[in-house]
Amino acid sequence: MRTRAGRRASAAALMVALACGSAACSVIPIGGRSIVGENTSKGNPLGDPYARVIAVPPNPDWSAQQVVSGFRAAMASVDDPRREVARQYLTDAFARTWDPRSGVTVYRQTELPALQAGEKDTRVTLKGTVTALIDKDGRYRPSGGPLNEPFVLVKQPNGWRIDSAPPGLLLSEADAERAYLKADLYFLDAERKGLVADQVRVPIDPTSNFAKTTVGRLLQGPSSSLKGAVSSAFDGTELIDVTTEDNRVVVDLTRRVAPELVEPMSAQLAATLAGLTKGGWDFEVRVGGEPYYTDSPLTVDAQEQAAFDPWIAPGEIPPYYVADDALWLLGKENTGQPVLGAAGKKDAVRTHPAISAHAQVAALSKNGKGVSVASLTTGGDWQQWVTGESLAPPCWDRYQTLWTVDRLNDHTSKVMRLRNGQRHPVSAPDLDTVYVSSLKVARDGVHVAVVVRDGLGEQVKIGTVIGQGNETRIANLQVVVPTEDKQTIRDIAWKDGKTLYVLTGKSDLLEASLTDEAKSLASDSRIQNITALNGSLLAGATDDEGKQQILHWTSAKWEPFVKNENGSTDFADDGPSMPAYPLG
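If you want it as structure tokens, here you go:
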């Protein structure tokens, strides 16, 4: 981190900077301002250099604006997790009620604080733009809207003190980056056969390496958005320490887990720590400092998560597509052939194919009133599973469950799920009274994306599937692509359990998630629909002459993908369309 130019400090302040410089970068408020010093990391390969904000008490000679500035710096102090110094800026009455753990408002300052003096108190108003919120359990949600927060101060014998302020912590974007570690925590799905990512912000602990901080947060359980939807193999055990030894990360627990949970626990650890270790470290689990087993250690491969859950890193899986009104599978050298069974034969009455993880295809009738399923095997015939007034294109989850939505009218939708042709109830009260254009369950089986239409246009939300069997419900829906005037959404496709691709009616391709604002990747009027699988993104496209083709997103541009029997991407007929990856 570079030293901020133009900042001056007293000799005493510089001595403070030198005294605390052995741990990390330091930020020290001086009369309402701050300086930053360059320091080194703690030497732990799992603990990158971090910025320290050194909280200092208020000075009796400081102005009201300097006190507010000092309080803001003290709120950002990593080295004062209880915010004891920050409380010194408050009146006794306000200090008793202020709760720094109630959440964080992240902002971007656009104006200098405004000062308004009164007869009995003084107001300093902080103005800017709210960019995100962080709740108690670390959920980070992009947010918008103006920041116009007043701090009310009263003059006391020891100087100005804050008597009223916004709830929780108020951190600038830079402060939030310094004070919180981005972490993907991995929990178990409902059947304890797969992994589900929980993207959170973890407060940085200067006395601990990043790995220990992250594993400690993992053992606390999922954030509120996933509670009830996931479980953890760590229930009942606590963390003692996380260290490194012989190029291995050692996780020391207070007790062993049940034998059947050893493999899921190992997968949770490997997936959660992969982002910190960059996949180059193996792991070992110990109990009370001793080997996990009496006669041998419990070692965990760095890629244990991929062995436990094949959808974490699915590798090369060929896509399917429609050609000549039949379903084809892409083969070698990007040429394809019809699939086995009825789905591989010309059929002009079905569209929008969805591929399961077990060689089944579901398709929507072109009149939108039925969904049929066929196995991709010799003799696999179409069987109608569900009928409705106006059905959304179907999708599969990892449990062999088929999902669709029946739109009874413009403001009534009924989410439907079927297994082996049998319908099972699902509660989705937030979707019952709106028009659901599309619904896609992520490959983790827990996250779900929906396109919802209202009077202004369409918006995209991400939520969670909670429970299985007859107790399934959809909850915790959060907007990731807000409604714009008359906006339409052409298609959505999950990249993985964290990221969703969105194709708008204006042909803009967006990348959206719960933790970042949607960002634009490209705009191409040819694109009609999309499918994705981790690093591969395909699109069905139609050119100006009405010819169809399948494009592959590569090097920030679209390239023709599927070839004919002659090795050309130019087809004499209408060409291939509607690409579909399994569970896509």
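Counted the way mature numbering (1 follows the signal peptide of the UniProt record, and there is no 0) counts, the sequence shown spans residues -24 to -1, 1 to 560.
We treat Cβ as the ideally placed atom computed from N, Cα and C, and that holds for glycine.
- DSSP places residue 186 within a helical segment (H, G or I) once states are collapsed to three.
- Boundaries of the alpha helix (DSSP H) around residue 47: 40 to 51.
- Taking 4 residues as the minimum length, the segment 450 to 476 contains no alpha helix (DSSP H) run wholly inside it.
- In the displayed model, residue 281 falls within a helix according to three-state DSSP.
- Relative to residue 393, the option among 405, 361, 365, 419 whose CA is nearest is 361.
- By the CB criterion at 7 Å, residue 514 and residue 179 fall outside the cutoff.
- Relative to residue 470, the option among 485, 463, 459, 462 whose CA is nearest is 485.
- When the Cα atoms are used, residue 79 and residue 62 turn out to be separated by approximately 16 Å.
- The beta carbon of residue 478 sits closer than 6 Å to those of 436, 457, 468, 486, 488, all from its chain and outside the five residues before and after it, given in chain order.
- Closest in alpha carbon position to residue 518, among 508, 317, 100, 553, is 553.
- Secondary structure of residue 524 (DSSP, three-state): strand.
- Going by DSSP, residue 68 is part of the alpha helix (DSSP H) stretching over 68 to 73.
- Between the segment 127 to 135 and the segment 161 to 172 there are fewer than three C-beta pairs closer than 8 Å, too few to call the two in contact.
- Under the three-pair Cβ rule at 8 Å, the segment 292 to 312 counts as touching the segment 325 to 341.
- Setting aside the 5 residues that flank it on each side, residue 335 is surrounded in the same chain by 351, 352, 353, each with a C-beta closer than 7 Å to its C-beta; the list follows chain order.
- With a threshold of 16 other beta carbon atoms within 10 Å, residue 183 falls short and is exposed.
- DSSP places residue 409 outside both helix and strand once states are collapsed to three, so it counts as coil.
- Cβ-Cβ separation between residue 187 and residue 249: approximately 6 Å, consistent with a contact (criterion under 8 Å).
- Per DSSP, residue 360 lies in no alpha helix (DSSP H) segment; the continuous beta strand (DSSP E) that holds it begins and ends at 359 to 363.
- Secondary structure note for residue 153: it is in no beta strand (DSSP E), and the uninterrupted alpha helix (DSSP H) holding it is 149 to 155.
- Around the beta carbon of residue 385, a 10 Å sphere encloses fewer than 16 other beta carbons of the protein chains shown; the residue is thus reported as exposed.
- When secondary structure is reduced to three states using DSSP, residue 242 falls in the helix class.
- At the C-beta level, residue 285 and residue 202 stay beyond 7 Å of one another.
- Of the residues assessed, residue 423 falls on the buried side of the cut-off, its CB having 16 or more other CB atoms within 10 angstroms.
- Counting only residues of its own chain and dropping the five nearest sequence neighbours on each side, residue 145 has a CB closer than 6 Å to the CB of 51, 76, 80.
- In chain order, 188, 228 place their CB closer than 7 Å to the CB of residue 217, counting only its own chain and leaving out the 5 sequence neighbours on each side.
- In this structure, the alpha-carbon of residue 417 lies about 7 Å from that of residue 372.
- DSSP, read as helix, strand or coil, puts residue 505 in strand.
- Judged by pairs of C-beta atoms under 8 Å, the segment 432 to 451 touches the segment 386 to 405, as three or more such pairs exist.
- Bridge partners of residue 533 according to DSSP: 530.
- DSSP places residue 486 in the strand class (E or B) of the three-state scheme.
- Under the DSSP assignment, residue 236 falls outside any beta strand (DSSP E); it carries neither an H nor an E label.
- Taking the C-beta atoms as reference points, residue 427 is found nearer than 7 Å to residue 434.
- The secondary-structure analysis by DSSP pairs residue 336 across a beta bridge with 351.
- Rounded to whole angstroms, the gap between the alpha carbons of residue 542 and residue 308 is 13 Å.
- Separation of the CB atoms of residue 500 and residue 483 is rounded to 6 Å, and the pair is thereby assigned contact status at 8 Å.
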